[in-house]
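Here the protein sequences line up with chains F and P, keeping their order.
Here our numbering is used: the first residue of the first sequence is 1, the next is one more, and so on.
Here our numbering is used: the first residue of the second sequence is 1001, the next is one more, and so on.
2 protein chains.
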Amino acid sequence: MKESVIRTRILEVASRLFYEQGYNSTGINQIIQEAEIARGSLYNHFPSKRDLLTAYIQNSENLWFMGLDEFLKPIEDPKQKLLAMFDYRIDRQLRSKFGGCHFNKIGAEVSGDDLDAFVLVQHQKDRLKTYIMALLGLVTPVQPAAIGKEMLLDTLFLLMEGATVAASAYKDSQPLKDARKIAEILLG
Amino acid sequence: MKESVIRTRILEVASRLFYEQGYNSTGINQIIQEAEIARGSLYNHFPSKRDLLTAYIQNSENLWFMGLDEFLKPIEDPKQKLLAMFDYRIDRQLRSKFGGCHFNKIGAEVSGDDLDAFVLVQHQKDRLKTYIMALLGLVTPVQPAAIGKEMLLDTLFLLMEGATVAASAYKDSQPLKDARKIAEILLG
DNA sequence: GTCTATAGCTGGATAGAC
DNA sequence: GTCTATCCAGCTATAGAC
């Protein structure tokens, strides 16, 4: 399994560069240089740059949800878990200096010409919605809620998406804090 | 003013390509070819590709708000105007085959290395918030609203942002329709 | 499987004729 | 102010030695 050491290093370096500089602005040359491996080695593990991209998205999705699980683990109450999802995004945006959502960034960059990447971005969003829905199902409603549970799911999802985009644009966590407050009211 | 004819054609072609293919994926060669002008002419009007980018963002912002004004003109009631803002985005996304928000796309692509572009993207968002706020100020509240006006502004803004991103990712107007429904409930 | 060398092309930008 | 010719650095990808 020694070969996967190199593979991992390539993927790690590429992931960082794709996220920080953008996929199209990152060249193979820079990747092999910073990963300190040879050109041929990269193409041995990833037949094309596009394959590297799909591996990046899939890996990022897994890391994202693993990080979320870890972040929410100490919290018991499902409502508090839902609210902490905003905290998770704040935490991540702070760490990445408000680099924005990995998946929306890729979606904005390759929209159209890369169907694989496109489907993978959708997959992350579907998984996020499923995650929210599962938590919502555990919430015991305190009041007959002016807004139905299905609509509440949409609202929370859209608030998260919008707040992350806005936080990245302003390089400020305030939109995510605002969204959290709104969610708190809506969850009753 | 004959020179501005060429300038306009360059900007129009570049705008279309930047939006459809992305800024980094669009080369000068393609722009001059499709605009049917010479290399030197482009650099005469725009000293660098980056200048072309800032012109693109500014022009797009103006067109965006002019289009919005036009779209909302026949509507009287401020609440209906607010809801129609979602219809405007649906209309635009349908026309662009769900290409997404011009400004978020650029924000995702140049984040960091182009301060000018970054500030211009923020400018569009500020202007959008001001637009929503002005309409909200004209709405006569039917009920004591569980959610304050300032928070309502944030909510509407974040819903618009999130729904546009999601609509683009799914290539479907449903998220924008969902957001509109939510807004309708929140506006009472 | 990892390496170096290089092919083949396209990027943004400039110089100088007209 | 519009054009053509051209520079050089960068790109993705392949070939072939070890």
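Heads up, the beta-carbon is just placed ideally off N, CA and C, and yes, glycines get one too.
What you are looking at is a predicted structure, and each value in this text was computed from that prediction instead of being measured.
So what's A1055(P) in DSSP terms, helix, strand or just coil? helix
Grouping DSSP H, G and I as helix and E and B as strand, with all else coil, what is K81(F)? Helix.
Identify the contact partners of S25(F) in chain P, using a Cβ-Cβ distance below 7 Å as the criterion. N1024
Starting from V1154(P) and walking both ways along the alpha helix (DSSP H), at which residues does that stretch end? According to the sequence displayed, residue 1154(P) carries Asp and not Val. That run of the alpha helix (DSSP H) goes K1149 to Y1170.
Is the CB-CB distance between A167(F) and Q93(F) below 8 Å? yes
Short of 6 Å in beta carbon distance, which residues of its chain neighbour E34(F), apart from the five on each side in sequence? Order them along the chain. Excluding positions up to five away in sequence, the list reads V13.
Among E161(F), V121(F), T164(F) and V165(F), whose alpha-carbon lies nearest the alpha-carbon of Q58(F)? With respect to the C-alpha of Q58(F), the residue from E161(F), V121(F), T164(F) and V165(F) having the closest C-alpha is V121(F).
Contact set between the region 1149-1167 of chain P and chain F, restricted to residues whose Cβ is under 8 Å from the partner: M1151, D1154, T1155, F1157, L1158, L1159, M1160, E1161, G1162, A1163, V1165 and A1166
Tell me the rounded alpha-carbon separation between W1064(P) and R1009(P). C-alpha separation (whole angstroms): 19 Å.
What does the Cβ neighbour count give for G1040(P), buried or exposed, with the cut at 16 atoms within 10 Å? exposed
Establish whether the CB of D1116(P) and some CB of chain F are separated by less than 8 Å. no
Is any beta-carbon of chain F found at less than 8 Å from that of A1146(P)? yes
Output needed for K1129(P): all residues of its chain with C-beta closer than 6 Å, excluding positions within five of it in sequence on either side, in chain order. Spatial neighbours of K1129(P) in its own chain (CB-CB distance under 6 Å, excluding positions within 5 residues in sequence) are listed in chain order as F1157.
Stretch-stretch touch, CB-based, cutoff 8 Å, three pairs: the region 1161-1177 of chain P with the region 1129-1141 of chain P: no
Selection from L1115(P), S1111(P), D1114(P) and N1104(P) that minimises the alpha carbon distance to K1125(P): N1104(P)
Is the distance from the Cβ of S1060(P) to the Cβ of S1025(P) below 8 Å? no
Cross-chain neighbours of A179(F) in chain P, by beta carbon under 8 Å: Here the neighbours are D1154 and L1158.
Where A1146(P) falls, given that 16 or more other Cβ within 10 Å makes a residue buried: exposed
Identify whether V139(F) lies in helix, strand or coil by the three-state DSSP scheme. coil
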